[in-house]
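J.: Numbering (our numbering), first residue to last: 939 to 1079.
Even for Gly, the Cβ is constructed at its ideal location relative to N, Cα and C.
The following block contains the structure, expressed as structure tokens.
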């Protein structure tokens, strides 16, 4: 059975988000390994490497944009929950982790539900563009 690309992308985002403070705490790593097992991806070399080498926030943000292009409200909620569970695994949340969760939640809350999808482009693409520019340092506001 071929792995679901969206599922793998979700895992990459969660892994990248866990690196926001520059290190994976042992409890976070344990949770991530459990998550990879739950999704049947514990032997995926690319994902395992992401538990061993720091992932840039810019790369994680690019994965989020890709993920959001092809997911609905349930997928967004699932992504936020998996990120939060990972960041809270060590029973502490740093200021950077809290800021990341707040930004992701705000960004995803701007995406309309299915009844409003015809307005998607004007409602979300501009805020995502501003968000990404801020993340990569093009707009230091």
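Express the C-alpha separation of residue 950 and residue 1000 in angstroms, rounding to a whole number.
T.: The alpha-carbon atoms of residue 1000 and residue 950 are separated by roughly 11 Å.
J.: How far does the alpha helix (DSSP H) with residue 1001 in it reach, from first residue to last?
T.: Element bounds for residue 1001: 995 to 1006.
J.: Between the C-alpha atoms of residue 1026 and residue 966, what's the straight-line distance to the nearest angstrom?
T.: Straight-line Cα distance between these residues: approximately 8 Å.
J.: State the Cα-Cα distance for the pair residue 1015 and residue 1007, rounded to the nearest angstrom.
T.: Between residue 1015 and residue 1007, the C-alpha separation is close to 14 Å.
J.: Would you please state the rounded distance, in angstroms, between the beta carbons of residue 1003 and residue 1049? I believe it to be under 8 Å.
T.: Incorrect: roughly 12 Å between the Cβ atoms, too far for contact.
J.: Excluding the five sequence neighbours on either side, which residues of its own chain have a C-beta within less than 7 Å of the C-beta of residue 958, listed in chain order?
T.: Within the same chain, residue 958 has close Cβ partners 995, 1034, 1035 and 1038.
J.: Applying the 10 Å Cβ sphere with the 16-neighbour rule, what's the burial state of residue 968?
T.: The residue is exposed, with fewer than 16 neighbouring Cβ atoms inside 10 Å.
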